[in-house]
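Inspection log for the structure reproduced underneath, given as structure tokens.
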């Protein structure tokens, strides 16, 4: 296009100019070789079976769905369900806890204080993930200081004193749920804050000027405008959370096990790359299914809201 | 017990470090941290981890957690430890590293050595470079899984039993059948089992008088049915090192290796509590006898240093120091006398009658099935 328009010098520049897609090549190569290819190999391996006695080898001579059958029929199905439940609950808890924080950050805090609050939110990231999670073992252990304090009957426990012996949270699903919300909270707060921050004040003021009360402004102006940020936050938290296994390995014991740990287990302990791959693919499919359902819900909500508003306008 | 260790350094105040060391399961941290480090080492494909020259006293060792006296290692030279949790995991990681894992030595359990040899991972040992080899009691050399010690030298051996908190468990546990009964009742949801395939399945076989190296399908079926349906839901954690967890009061009943149980009791004593509260027992009527071994990996960069270290550790006076730390019999001639009156000595050295009830495991045709059982039990416990 430039060539037809250009004079001599600009034509020369065009000739010298490298094609634009060159910029994308590094990340393209990166994604193809370190993401697409390995994932494709995992999918392929999931149709094979383990070669007995040779660690990690997969026999692909007679591809079948047997490994998936094992996932669906065995104990893995209930573990997958549990994992999804933990992940969905964890994501919802993150959203509920993050929304007020992000709202506060975006609209109620002055610029100076904002920097301070953001810095405070970053602080946990300066501590190694493993250590952060491990520290919960001290807090939650049955003979730890929290447990001892709660059992002490000190007036400060507000009558919540435990009468049935030490707290038994460590090595349960509850411990994993708690720590998971704690570990993934910042991943929710930041996108929500960015999304809310970009909602223009004029629009919120206009809503008020047109007679909407604060709740209505929030529900009909602020939140819909922040919608994409909320969706980004949900995905950012839900996807890695579903595959998390460090938290479960450190705090979950036998009861708080998650499917991610089972994938690692199949690869490293069982030396069965085929089963590990099948579980991993099942996890990916489950994640996509849940995301699909959430997307459908959002779409339905938007539709209903639009229809409801249309009716209102006609009535007035 | 300090948090200063060859392979793990954490920035933390002294006080906090002591608190952390006293209260949390450090092995779990080491094990997972070790896993991450091993992955990193594999990712680096051994590029720079070899260290310089074969004469320097550097070794990269792939081993179990809390298994070597750090002071003793330091007195020899510079050994960096990377931790694995089970033999299967170690083998898998070494195979994936394809001989360029960057490790010089590995410490596998005897029954797994044939598989390692078959995978071409172990170097053949030149015993002229290990003159102290002759210090080993002949009971612990020339084992069925490695005739003539071609590829391995005994590090130490041990057995599996249980330890329980008598304030929670009132029934006396004398056999594996008692162990199961208590796990299902008094200690339900407070029981830990060892996080390894053979030991988990062993509970069923030992309790029911079945040879734990069985390859019969009906035995394996029955084992799976029992463990998945009747034991899994009572298990609190799969923990290969519950000993250190004793002080945190996490479990009322644990399946445990003898040395780890001893370390746990020593920890209880160090914390100023009464070790009499916990009761240790050797698995009965039959139980495991395992032996872990020093092996040099093919493609090791520090071969001479590795030989030097093996020779060093087979010196009785070093061996006794090591024994004192990990609490397992090192198989050196007369080591029991050399050890003197160490604490909980009956947990390290066993009578002939006791040893007669212990049987080595085997990696055989049942292995894949056992691993499946183990996976299903784990999934069931969490599902």
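Residue numbers (the numbering used here), protein chains in the order written: chain P, 1 to 316; chain L, 1001 to 1383.
Every residue, glycine too, gets a C-beta built ideally from N, C-alpha and C.
Does residue i come within less than 8 Å of chain L when only Cβ atoms are used?
i: residue 149 of chain P; result: no
i: residue 6 of chain P; result: Its pLDDT being 45, under 50, residue 6 of chain P is placed unreliably by the model, and the measurement read from it follows with that caveat. No - not a single Cβ of chain L is within 8 Å of the one on residue 6 of chain P.
i: residue 271 of chain P; result: yes
i: residue 201 of chain P; result: no
i: residue 317 of chain P; result: Past the boundaries of the shown model lies residue 317 of chain P; chain P is included only from 1 to 316, so the question cannot be answered.
i: residue 132 of chain P; result: no
i: residue 260 of chain P; result: no
i: residue 79 of chain P; result: yes
i: residue 267 of chain P; result: yes
i: residue 183 of chain P; result: no
i: residue 73 of chain P; result: no
i: residue 66 of chain P; result: no
i: residue 220 of chain P; result: no
i: residue 41 of chain P; result: no
Report yes or no: is there a C-beta of chain P within less than 8 Å of the C-beta of residue i?
i: residue 1238 of chain L; result: yes
i: residue 1146 of chain L; result: no
i: residue 1050 of chain L; result: Residue confidence for residue 1050 of chain L is low, a pLDDT of 39 falling below 50, so the modelled location carries little weight; the figure read from the coordinates is stated next. Judged by the 8 Å Cβ criterion, residue 1050 of chain L is not in contact with chain P.
i: residue 1288 of chain L; result: no
i: residue 1149 of chain L; result: no
i: residue 1096 of chain L; result: yes
i: residue 1184 of chain L; result: no
i: residue 1249 of chain L; result: yes
i: residue 1169 of chain L; result: no
i: residue 1111 of chain L; result: no
i: residue 1256 of chain L; result: no
i: residue 1375 of chain L; result: yes
i: residue 1339 of chain L; result: no
i: residue 1065 of chain L; result: no
i: residue 1380 of chain L; result: yes
Is residue j closer than 8 Å to residue i when the C-beta atoms are compared?
i: residue 1339 of chain L; j: residue 1320 of chain L; result: yes
i: residue 1238 of chain L; j: residue 1193 of chain L; result: yes
i: residue 1092 of chain L; j: residue 267 of chain P; result: yes
i: residue 1329 of chain L; j: residue 1342 of chain L; result: no
i: residue 252 of chain P; j: residue 184 of chain P; result: no
i: residue 1292 of chain L; j: residue 1155 of chain L; result: yes
i: residue 105 of chain P; j: residue 112 of chain P; result: no
i: residue 207 of chain P; j: residue 221 of chain P; result: yes
i: residue 1290 of chain L; j: residue 1110 of chain L; result: yes
i: residue 376 of chain P; j: residue 1383 of chain L; result: Nothing in the structure corresponds to residue 376 of chain P, since chain P is present only between 1 and 316.
i: residue 1089 of chain L; j: residue 1263 of chain L; result: no
i: residue 946 of chain L; j: residue 1140 of chain L; result: Because chain L in this structure spans residues 1001 to 1383, residue 946 of chain L falls outside the shown range and cannot be described.
i: residue 166 of chain P; j: residue 186 of chain P; result: no
i: residue 74 of chain P; j: residue 1366 of chain L; result: no
i: residue 42 of chain P; j: residue 286 of chain P; result: no
i: residue 57 of chain P; j: residue 1371 of chain L; result: no
Short of 8 Å in beta carbon distance, which residues of its chain neighbour residue i, apart from the five on each side in sequence? Order them along the chain.
i: residue 1124 of chain L; result: 1150, 1151
i: residue 235 of chain P; result: 291
Counting only the same chain and skipping the five closest in sequence on each side, list residues whose C-beta sits under 7 Å from that of residue i.
i: residue 1226 of chain L; result: 1204
i: residue 169 of chain P; result: 140, 175
i: residue 177 of chain P; result: 86, 89, 90
i: residue 93 of chain P; result: 181
i: residue 1206 of chain L; result: 1176, 1212, 1283, 1286, 1287
i: residue 1307 of chain L; result: 1129, 1130
i: residue 179 of chain P; result: 133, 136, 247, 251
i: residue 121 of chain P; result: 186, 189
i: residue 244 of chain P; result: 180, 258, 260
Quick one: residues in its chain with C-beta nearer than 6 Å to the C-beta of residue i, no 5 flanking neighbours on either side, listed in chain order?
i: residue 1381 of chain L; result: 1232, 1235
i: residue 102 of chain P; result: 189, 192, 193, 196
i: residue 1122 of chain L; result: 1116, 1151, 1295
i: residue 1038 of chain L; result: In this prediction, residue 1038 of chain L scores a pLDDT of 47, lower than 50, which makes its location untrustworthy; the coordinate-derived value is nonetheless stated afterwards. So the qualifying residues of the chain are 1082, 1093.
i: residue 1198 of chain L; result: 1361
Query - Stretch-stretch touch, CB-based, cutoff 8 Å, three pairs: the stretch 262-273 of chain P with the stretch 45-54 of chain P - result: Counting Cβ pairs under 8 Å, three or more are found: they touch.
Requested in this report: Taking 8 Å as the threshold, find out whether the stretch 280-288 of chain P comes into contact with the stretch 124-134 of chain P through three or more Cβ pairs.
Outcome: Judged by Cβ distances under 8 Å, the stretch 280-288 of chain P makes no contact with the stretch 124-134 of chain P, as fewer than three pairs qualify.
Query raised in the report: Any contact of the stretch 1096-1113 of chain L with the stretch 1300-1316 of chain L, i.e. 3+ C-beta pairs under 8 Å?
Result: Cβ pair count under 8 Å is three or more, so yes.
Query raised in the report: With contact counted as at least three CB pairs below 8 Å, one residue from each stretch, are the stretch 1115-1132 of chain L and the stretch 1154-1173 of chain L in contact?
Result: In short, these stretches do not touch, since the Cβ pair count stays below three.
**Report entry** alpha helix (DSSP H) runs wholly inside the stretch 208-287 of chain P, at least 4 long, in chain order
**Finding:** Segments of the alpha helix (DSSP H) lying fully in the stretch 208-287 of chain P: 214-217, 223-243, 246-251, 259-268.
Query raised in the report: Does the stretch 1283-1291 of chain L touch the stretch 1355-1365 of chain L, meaning 3 or more C-beta pairs lie closer than 8 Å?
Result: Flag = yes, the stretch 1355-1365 of chain L and the stretch 1283-1291 of chain L touch.
Query raised in the report: Can you list the beta strand (DSSP E) stretches of 3 or more residues lying completely in the stretch 1149-1192 of chain L, in chain order?
Result: As for any beta strand (DSSP E) of minimum length 3 sitting wholly inside the stretch 1149-1192 of chain L, the runs are 1153-1165, ordered along the chain.
**Report entry** Three CB pairs or more closer than 8 Å across the stretch 290-305 of chain P and the stretch 225-242 of chain P
**Finding:** Yes, the stretch 290-305 of chain P touches the stretch 225-242 of chain P.
Query raised in the report: Taking only runs of the alpha helix (DSSP H) that begin and end inside the stretch 1193-1248 of chain L, which ones reach a length of at least 4 residues, in chain order?
Result: Those alpha helix (DSSP H) runs which fall completely within the stretch 1193-1248 of chain L and span 4+ residues are 1197-1207, 1217-1226.
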